[in-house]
Each structure stands twice: as C-alpha cells, then as structure tokens.
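This report refers to the structure that appears directly beneath it.
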C-alpha cells in the first residue's frame, strides 16, 4: 500500500527554471481568475450604497446580481485583508502562502488548525465536485447574488489598487495572496459555514485518517468490540461549534400581552468571534418590491442571517442537537480499505489530494495525501479519544454530516428576508428544514405570539434506531458525547431513516423536531430545547435533538431568572429593562455563592490556618468581595478577583462544591448552596481565594482592580475598557478573552469572543423598531473610520436605532452615498 502522504521536490538542476515557471503560472492564474470573473456574462450591475452612522451600508439595487455586487464591494472595503486570507483558507492554499505549520491568524468555526491540515480538509470537503453540487442546487437568484458578490469584491480590489483608498489595508497591501475571486470562492465559503456543526469540528480527525499498513493486515483481532462499554476508556471531548466553552448566543422573545408596549419583543445576542472570517457584518439589502431586510451575516456571505424586515424579526442560538453521526465499519479481512455492508464487500473511495507547501527558504514542495470516503462520509481518526477508536485491521469509523447534503441554507435565509408575517416565516422554516446548527426565535408584526424552533437538517436517528444499532464502542462514546449517533455500519438496517415529506433524505421530519409557539416567553442560552419555556418543558424528542433532565449552565439559569424577573415587573417587559439588563454584566456564580463564600471564609470566627500568606491574602480578598457591587461593569471592583477565584473553585466536583445537588425537577435552582460544612471544601476554597489574589498581584494588578483595567480591546494606540465576562462564570453579558490572565489582563484581541451583533426588535404602527449594536465594529482595518466607532458605543452601553426606511436613511446626519455601476458583459 502506498504511503498516505508523499512529498516531491524539484530537482536541483531544474529548480531555478521550475521556480520561475511556478511564479509565472501563479501570476497567470491570479490574472486569469480576475479576467474570468470580469468576463463572465452578466447584466449591467448598478447598486446604490448609502452608509449611515457607524458606517452601516444600506444597499439598494433592482436585481440580485447588482445587490450581490454591492455586498461584495462593501465587505471588501471594510474587511479586505480578513476576507482575502479567508478565501486562501477555503481554497486550500494556506500552506503555499504561509507554510505548513503555521495556523490561520484567528479562530473560526472550523477551529484554528495547522495550515496543512486546513488545506487538505477544504480541498476534500469543498473541492470542485462539492462546489458544483452546491452551486447547481441554488436558485437563479442565489447564483446571481453570489456571482455579483464576487464581481463586487473584485471591483473594490481594482479600485483600491488604483489608489482610490490610500492607506487602507496596510496589513496585506503587498501580499501575493491578495487576488481576485470568483463565484466558486464564495460557494466554498458558504459550504464552510454550513459544515460548522459537523465536519468542521473534525478537521484533524479527517485529514489524519489513514488505514493500517498492509503488513498489519494479519494482526490478531482485539477484543475491543466485545468488551462492555464500561471497560472502554474514552477521553472527554467537546463537539460544539468551538472547542472552547461559551461560543453561542442568548435569545429571548416576549409575547405582546406581556410587554409594556403591547407588541412582541425579540432579543438576539450571538456570542461570536470578534476576529477572523466568521465576524459578523451588518447591512441592509433592498430590491424594491422583492426584498428589504437588515441585520448581520458572516463575512463572505451575501444574505442576512440574523435580522428583520418590516414584518418579522428573527435570531438564532447554537443548537445542542447533533448534526452528525459516526458509523463503525466492519473491515474485510486483509483489506483495510474495504468494508462489509450486509455481507457485501464495498471499497472505500480513495481521494488523493496534492497541496503546495512553501518552505522557510521559499521553495514550493508538493505534499500528497490520500484521504478516504465511505458510503456514509469521510473516514475519521478518533484514536486521540481512545486507542479503541483507531482505524485498525478489524474496524474503521466514518463521519456523516447531515449538512453535507443540505444546500438549502441560504435559500432559506433569502426567503425569510421577504417573509410577510410570522405564519409565513414559520411555513418557510418548515418547508426548507434547512437551518444547519442553530435554534431559531422569531416574532411578527401585529402578532402576539413568539416562536421557537430547532427545525433544520437533523440526522434521521430516533431513539429506537439508536438503541438497536449502537455497538459497545458507541455506548462508551455516548457516555462522553451524549446523543451523537454511533451506529453499526455493517448492516443497512442501521442506516439513518428518512421521514416522509422531509426535504432531505436520511433526516428527521418537522414533527420530530422541537418547536413552540407561545404568547408569553421563549428563551435559550445554548442549553437544549428542553427549557425553552420553563413553565412548559419540551420533552419526547429523540436524544439526537438534545438532552433533557440534565444540569443547566449558569448562563442558562441566569437568563431564565432575568426573564422571569422582567415578566413579573408591573406592566410587563419593557425595551429599556431588556436593553439595560442584557448589558448589566451580572453573574450567576456570584449570585449563588459570593455571600456563602464570604460567610464561610471571611467572618471573624472563620478558622485561621498555618499558612500566614494565605491568611493575609484571604483577608484582603474578603474586603474586596464584600465591597463589590456584584457586577462586571467597567468600573466594578471585585469582578476580576471573583473570576480568578471561580476559575479555581469550579474545578471542584459539583458534589463537593454545592450543598444541594442537581434535581431534574428543579433544574433552574439546583445545584445550590455552598458545601461549607465540608472542611476539605472550605480549605480548597480558601486556598483558591488566596491564589487568586496572588495571580492578580503577580501580573501587576491589584485585587480591587476595575474590570475595565483588565478586560479591554486595543484600537490603535488606545485601549477601550469593556465589561462582561465568560460564560463558564455565569455571565449573561459575554465578553470573554478566552485566555488565562496574563500581563495584558484579559485582552480581547488574541482570539476573544462574546457579544457581537446584538439586536432588540419590536413592531409599531409604522413598522419595525430595531435597536442594534455591533460590538467589534464594522471594519477590522485600523485605517477605517469604522474600526472602533461601534466598539466604543458598545463599551459605553449605547444602543443605536437602526435606520430602516428610506426617510430614516436619507435624514441621517452621517449619510454618505455612492453609486456603483459595471457595464454588461456578453457571453463569449
């Protein structure tokens, strides 16, 4: 059997000539890409770009291609370097530009893998065949929108290179990888977004899946498959959108009968990336008589993914449903790339992929790796979780991502953009069943109800199928990753099932997925669908859709507690209470345990210890925490100390930390109480508190330093102090640096995530009333006037009323208008 990876290098004699030829060819490819895009047949493009406060673009065109043209232009104008780097990633060309071992400069929904791994992954899952399938499944309007986006991006690149925007995009101004794109580049970007809940979580596992050497074909069988699941040791893992805790969202919707203004009220607050290709971009897209929608989408996406029109508003949270499954393959003896289904031999599809890699001396080298597919999907290497999950002579494992066969996502978003009522919105969601890895919340103009649904592409695995078809390894896997279908691939009886009427084969039907229409309240904070309305828990759905009866996160508990508080207020929920409360930076860990900690460790009768250093530091901490206002506002003194303490205290098992254990009958109030009667727990907490003081002091920070001194984002030469904290500590206002305390404090600029695009929306007699924020600002180019303006507004808690109507836009004092035109290009 040939090696899965091979490398070839130009001979010494021909290296100069070949290198020169490669340079010429690379330049020619870049040029031909631009020519191909410019000469693609299209109608004349014409779009009006009106920018209002914070640079928000309002695009108005008469056709889909022109609308895409404007979207590509403004996104490139504001984020050219990030977009260009992203297109290199999605083309699988990072190693040729930046070397194999480096990583993308910012985390994204596909992680932050080594460049070589990223290249093989995207060449494998978003190659030409995948792009063709995805493109062919789109409607003419979406294809026109995508083609226009690519042309608009290239138009901006031409304008910038012609000197129209002097000083912009200095970070990539001389980059060889900054080149025109075509529509296929945009499709690759859309495919990457679609796979974020499945294959994108397995980049390394997919690209490092290799069959055992032929010489091992005769090795004796292990007894892994015959062991009980309890005897198989599998390492815990996370399969959420990001391997780090906290990526997700808050969403709440309150029915008209329970709001002060007598209209349904929607709050959406994605906790998302502040840097990189998955940053949100805010805009309004208008084609008179066909579309008028505003909100946000990922960079590179020419539709609104979260937002509103004059009749409906919607938002999303990351769903706990499993969008992928694993199949255990029984291999043909002596043939590790053949597997049995119903006793019949099936060969895996071998897919050789060659990636160009730039060495430290600039020399380009070919690296070839053979990856494999089965009828279920790509082969994966799960040996890092357990040796029992390695591809050996007896078994291998394949990953099936339900969204690999779901090209409907962006058609669904476009349809929502034109929805005329909440009923229309709901019907669209049920017709497409396309949402890839998110829950949906929505309200409608003049409609008293609120809507929640996790209706999208979901594996067709009910509990009966899972029970009948899960092998011992799968049962052990389920203990670490509950709900992931892990089925026997050797029999067709264990294939995912297709629901009648579902728009996609091998998926659940609409009735098998959770949804809820209420007149009072729905909310989600990245828990399962179970407690969408705590007064009416949702149950009875398959485990693949999410779990019930399990402990809830501190953020979920705080979110529902705040909602109950607002609902109980005289007159009902107000916009002001919701907007202020969403940014109030309260923490559930503080609300549950600060007072018990002070009582246990800080009262005069608290026992001293033999560790005088601990005693002194604990005394100082007690004073700080006693005077703390309990929030993580910018000027709060005590939040930094509490967060450092909680990072350490939360490492205690729940049964050691809490006095009252979790009770499924009281999921939002348990576990609770400090286990202060346990001497070992008290000693551990006392040491954690002392260590927290020393950690702050060790990096030059006082125990009573303000939140804004440590939590900030750098904008040019200035620091912008921030508020909030991380989800694990129980903050509803998530602004999480996602790295341990260091000499820079909690800087958000090294991969932080948190509140990103935030909206509060209702409808009045005149139409939509939307207040929005874009916490990280519209542009990531320091030369842009919109690099920090929205960030400073977010830092001060200032909401902006979105200018939606033509009159609101035209009367904005910050208005600037540009009209772009491109002549028609005939087919050749």
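In my numbering, the protein residues as written are 799 to 1626. Even for Gly, the Cβ is constructed at its ideal location relative to N, Cα and C. These figures come from a predicted structure and were not determined experimentally.
message = Taking the straight line between their C-alpha atoms, what separation do you get for residue 935 and residue 1006?
response = As the crow flies, the alpha-carbon of residue 935 is around 30 Å from that of residue 1006.
request  = Measure the CB-CB distance between residue 983 and residue 889 and report whether it falls below 8 Å.
outcome  = yes
Per DSSP, cross-strand counterpart(s) of residue 1082 = 856, 1092
ask   = Among 840, 852, 872, 862, which has the Cα closest to the Cα of residue 1616?
value = 872
ask   = If we ignore side chains and look at the alpha-carbon of each, how far apart do residue 1621 and residue 841 end up?
value = 8 Å
task = Indicate the three-state DSSP secondary structure (helix, strand or coil) for residue 1006 in the structure shown.
result = coil
inquiry  = Counting beta carbon pairs with one atom in the stretch 882-899 and one in the stretch 911-926, are three or more of them shorter than 8 Å?
reply    = yes
message = Under 8 Å, with one C-beta from each stretch per pair, do the stretch 1122-1137 and the stretch 1184-1196 reach the 3-pair mark?
response = yes
query = So, using beta-carbon positions, are residue 1457 and residue 1439 closer together than 8 Å?
reply = no
ask   = Taking the C-alpha atoms as reference points, what is the distance between residue 894 and residue 1167?
value = 15 Å
query = How is residue 1435 classed by DSSP in three states: helix, strand or coil?
reply = strand
ask   = What is the residue span of the alpha helix (DSSP H) that residue 1604 lies within?
value = 1604-1608
request  = Counting only runs of 4+ residues fully inside the stretch 1439-1466, write out the alpha helix (DSSP H) ranges in chain order.
outcome  = 1452-1455
query = At which residues does the alpha helix (DSSP H) containing residue 1357 begin and terminate?
reply = 1352-1366
ask   = Out of curiosity, what's the CA-to-CA distance linking residue 1302 and residue 1500?
value = 57 Å
ask   = Where are the beta strand (DSSP E) runs, 3 residues long or more, that stay fully inside the stretch 1039-1072, in chain order?
value = 1046-1052, 1063-1071
ask   = Among 1050, 1488, 1154, which one has its Cα closest to the Cα of residue 1115?
value = 1050
ask   = Mapping DSSP to helix, strand and coil, what is residue 1122?
value = DSSP places residue 1122 in strand when its eight states are reduced to three.
ask   = So what's residue 1561 in DSSP terms, helix, strand or just coil?
value = strand
query = How many whole angstroms separate the CB atoms of residue 789 and residue 905, which I take to be in contact at a CB cut-off of 8 Å?
reply = Given a span of 799 to 1626 for the chain in the structure shown, any question on residue 789 remains unanswerable.
inquiry  = Quick check on this structure: which residue in 1205, 1235, 1320 has the alpha carbon closest to the alpha carbon of residue 999?
reply    = 1235
message = Measuring straight from C-alpha to C-alpha, what distance separates residue 1095 and residue 1103?
response = 5 Å
inquiry  = Beta-carbon within less than 7 Å of residue 1614's beta-carbon, same chain only, minus the 5 sequence neighbours each way: which residues are those?
reply    = 849
query = So does the stretch 1545-1561 actually touch the stretch 1059-1079, counting three or more Cβ pairs closer than 8 Å?
reply = yes
key: Neighbour-count burial assignment, residue 1599, 16 or more Cβ in a 10 Å radius   = Exposed, because fewer than 16 other Cβ atoms sit within 10 Å of the Cβ of residue 1599.
ask   = Taking the alpha-carbon positions, what's the residue 1054 to residue 1242 distance?
value = 10 Å
message = Can you tell me which residues form a DSSP beta bridge with residue 1598?
response = 1570
query = Which class does residue 1020 belong to by DSSP, given the choice of helix, strand or coil?
reply = Note that residue 1020 scores a pLDDT of 37, beneath 50, so its modelled location is shaky and nothing firm can be said.
ask   = Using 8 Å as the Cβ pair cut-off and three pairs as the minimum, do the stretch 1073-1092 and the stretch 859-866 touch?
value = Touching, yes.
key: Cutoff 6 Å; reference residue 1257; Cβ partners in own chain excluding five residues on either side   = The residues are 1123, 1200, 1283, 1294, 1342.
task = Check residue 1112 in the structure and name its three-state DSSP category.
result = strand
inquiry  = Can you give me the C-alpha to C-alpha distance between residue 1308 and residue 995, rounded to a whole angstrom?
reply    = 19 Å
request  = Measuring alpha carbon to alpha carbon, tell me which of 1535, 1601, 1222, 1542 ends up nearest residue 1574.
outcome  = Ranking 1535, 1601, 1222, 1542 by Cα distance to residue 1574 puts 1535 first.
ask   = According to the Cβ coordinates, are residue 1398 and residue 1532 closer than 8 Å?
value = no
ask   = Among all the DSSP beta bridges, which residues are the ones paired with residue 1199?
value = 1122
inquiry  = Taking DSSP's pairing of strands, which residues face residue 1162 in a bridge?
reply    = 1156
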